[in-house]
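Counting along the sequence shown from 1, when you hit position 113 you're at 113 in the UniProt record's numbering, and nothing is skipped either side. Glycine included, each C-beta is placed from N, C-alpha and C at the ideal position. Structure record follows, encoded as structure tokens.
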Amino acid sequence: MSDKKDLVSSKKNLMTSIDNVYEMYIRMLALLSEITEYTAVDAIERSNKHFPTPEDLNPNQKLLHNKFIVTLQKNPEFQAAVNKYQVNWNSEPDFLKTIYNKLKSTSEYTAYLADPDESLESSKEIIKFIFRKIILKSLNIIQAFEDKFINWSVDKEVMQGMVAKTIKNFTSEDPFKNKLTPISADWDEDSKFVQDLFAYTLRNNEAYQKMIAERTKNWESERIALMDTILMKMAICELLNFPSIPVKVTINEYLDLSKDYSTPKSNSFINGILDKILGDLKRTDSIHKIGRGLIEE
1 MSDKKDLVSS
11 KKNLMTSIDN
21 VYEMYIRMLA
31 LLSEITEYTA
41 VDAIERSNKH
51 FPTPEDLNPN
61 QKLLHNKFIV
71 TLQKNPEFQA
81 AVNKYQVNWN
91 SEPDFLKTIY
101 NKLKSTSEYT
111 AYLADPDESL
121 ESSKEIIKFI
131 FRKIILKSLN
141 IIQAFEDKFI
151 NWSVDKEVMQ
161 GMVAKTIKNF
171 TSEDPFKNKL
181 TPISADWDED
191 SKFVQDLFAY
201 TLRNNEAYQK
211 MIAERTKNWE
221 SERIALMDTI
231 LMKMAICELL
241 NFPSIPVKVT
251 INEYLDLSKD
261 YSTPKSNSFI
271 NGILDKILGD
281 LKRTDSIHKI
291 GRGLIEE
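Put into structure tokens, the structure is as follows:
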């Protein structure tokens, strides 16, 4: 019973960590939105100066009406997600002011204000600039995300890709015709796969550890990176429990993961060990795949 409770709890934590990536994505989109909104705050502050200039009294507020952001703000998916995660960057006015002031000092922003083109496509360029060159370079913003999301350093690349894809895919000025970027193309199916892979790997942890140990007898255990062991266990699990996934796809996927998440030497090490384990599994007829050609590498 205790093991079952632990598994349920662990699976819940896993799904929460995945949801955190989506929340990170929504918070970043909301931050982009709030920066454009800060144009109005800045205009008020400028007009309230003791000796405002003509430009202070009539500032260029083109960014406030940026078509990509206006379309995003009216998108029902985005509105629902902001409410779900209770996103409110207005509680951090110093962040917004710092970013906006940095933006104002750039030649890119000056050029944007001077450009009469206000189309949806042209509006995306300044948003991409703010995202890549201002926000992602801001130590204060990065610290804020690190404080809230423990896996920021690992998940940030996924978030960045999701934001970039959203900007690219918003092609209509009708907010109901644009879609936010999902965690995956078919999350219902992928969610089940993730949970099953997680559960099967945990349940067979000792058996998979034994397979790895038998093929790494000449290696001191402390010399094998923990991430290498985890990736190999997941690969073995996939080979044995997911009949519709070709062997070659499984091997290549985990080798790719090792490049991103483990040591420089992990790729060749994991490849060598998995190749030996795969040979063992084939000899004992332990791998059963659906369809022709799924076992061959």
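Would you mind reading off the limits of the alpha helix (DSSP H) that contains residue i?
i	result
Asn151	Premise fails: Asn151 is in no alpha helix (DSSP H) and is neither H nor E.
Trp187	Trp187 to Arg203
Lys104	Pro93 to Lys104
residue 319	Beyond the ends of the chain as shown, which are 1 and 297, falls residue 319; an answer cannot be given.
Thr110	Ser107 to Ala114
Glu118	Glu118 -> no alpha helix (DSSP H), and no H or E assigned at all.
Whole angstroms are fine: how far does the CA of residue j sit from the CA of residue i?
i	j	result
Tyr254	Thr201	14 angstroms
Asn83	Ala111	34 angstroms
Met1	Asp196	Residue confidence is low: Met1 scores 45 on pLDDT, short of 50, so the model does not pin down where it sits. Its coordinate-derived value is still stated next. About 19 angstroms.
Glu55	Gln160	35 angstroms
Asn140	Lys233	38 angstroms
Pro52	Asn58	10 angstroms
Ile287	Gln86	47 angstroms
Arg203	Met24	31 angstroms
Asn252	Trp219	23 angstroms
Val158	Glu125	20 angstroms
Ala164	Met28	11 angstroms
Phe129	Glu206	49 angstroms
Ala30	Val8	32 angstroms
Arg132	Ile69	16 angstroms
Arg215	Leu257	21 angstroms
Asn13	Ala40	41 angstroms
Asn60	Leu113	7 angstroms
Lys289	Asn88	49 angstroms
Leu281	Asp260	27 angstroms
Lys217	Leu274	14 angstroms
Ser191	Ile277	28 angstroms
Lys5	Lys11	10 angstroms
Would DSSP call residue i helix, strand or coil?
i	result
Pro246	coil
Gly181	Contrary to the premise, residue 181 reads as Thr rather than Gly in this sequence. Three-state result, Thr181: coil.
His50	coil
Asp228	helix
Ser268	helix
Trp89	helix
Phe145	helix
Glu297	Residue confidence for Glu297 is low, a pLDDT of 47 falling below 50, so the modelled location carries little weight and cannot support an answer.
Arg215	coil
Ile26	helix
Phe170	coil
Ile287	coil
Gln209	helix
Thr39	helix
Thr16	helix
Leu31	helix
Asp6	helix
Glu45	helix
Lys137	coil
Asn60	coil
Asp280	helix
Glu220	coil
Met1	Here the model assigns Met1 a pLDDT of 45, short of 50, so the residue's position is not dependable, and the following value carries that caveat. Looking at Met1 - three-state DSSP - the assignment turns out to be coil, as it is neither helix nor strand.
Ser258	helix
Looking at the ligand SAM, does it come within less than 7 angstroms of residue i, judged from the CB to the closest heavy atom?
i	result
Asn267	With respect to the ligand SAM, the structure shown offers nothing to examine, as it has no ligands at all.
Counting beta carbon pairs with one atom in the region 140 to 149 and one in the region 43 to 50, are three or more of them shorter than 8 angstroms? Contact check between the region 43 to 50 and the region 140 to 149: fewer than three CB pairs, one atom from each, fall below 8 angstroms, which does not count as touching.
I want to know whether the region 220 to 240 touches the region 250 to 265 - three or more CB-CB distances under 8 angstroms. Flag = yes, the region 220 to 240 and the region 250 to 265 touch.
Take every Cβ of the region 180 to 189, pair it with every Cβ of the region 5 to 25, and state whether three or more of those distances are shorter than 8 angstroms. With a cut-off of 8 angstroms on Cβ pairs, the region 180 to 189 is in contact with the region 5 to 25, counting three or more such pairs.
Any 3 or more C-beta pairs closer than 8 angstroms across the region 149 to 164 and the region 92 to 105: Contact fails: fewer than three Cβ-Cβ distances are below 8 angstroms.
Does the region 64 to 71 come within contact of the region 24 to 43, defined as at least 3 CB pairs closer than 8 angstroms? The region 64 to 71 is in contact with the region 24 to 43.
Contact between the region 72 to 82 and the region 104 to 121 is defined here as three or more beta-carbon pairs at a separation below 8 angstroms; is this criterion met? With contact defined as three or more Cβ pairs closer than 8 angstroms, the region 72 to 82 and the region 104 to 121 are not in contact.
Touching by the beta-carbon criterion (3+ pairs, under 8 angstroms), the region 205 to 218 and the region 161 to 179: Touching, no.
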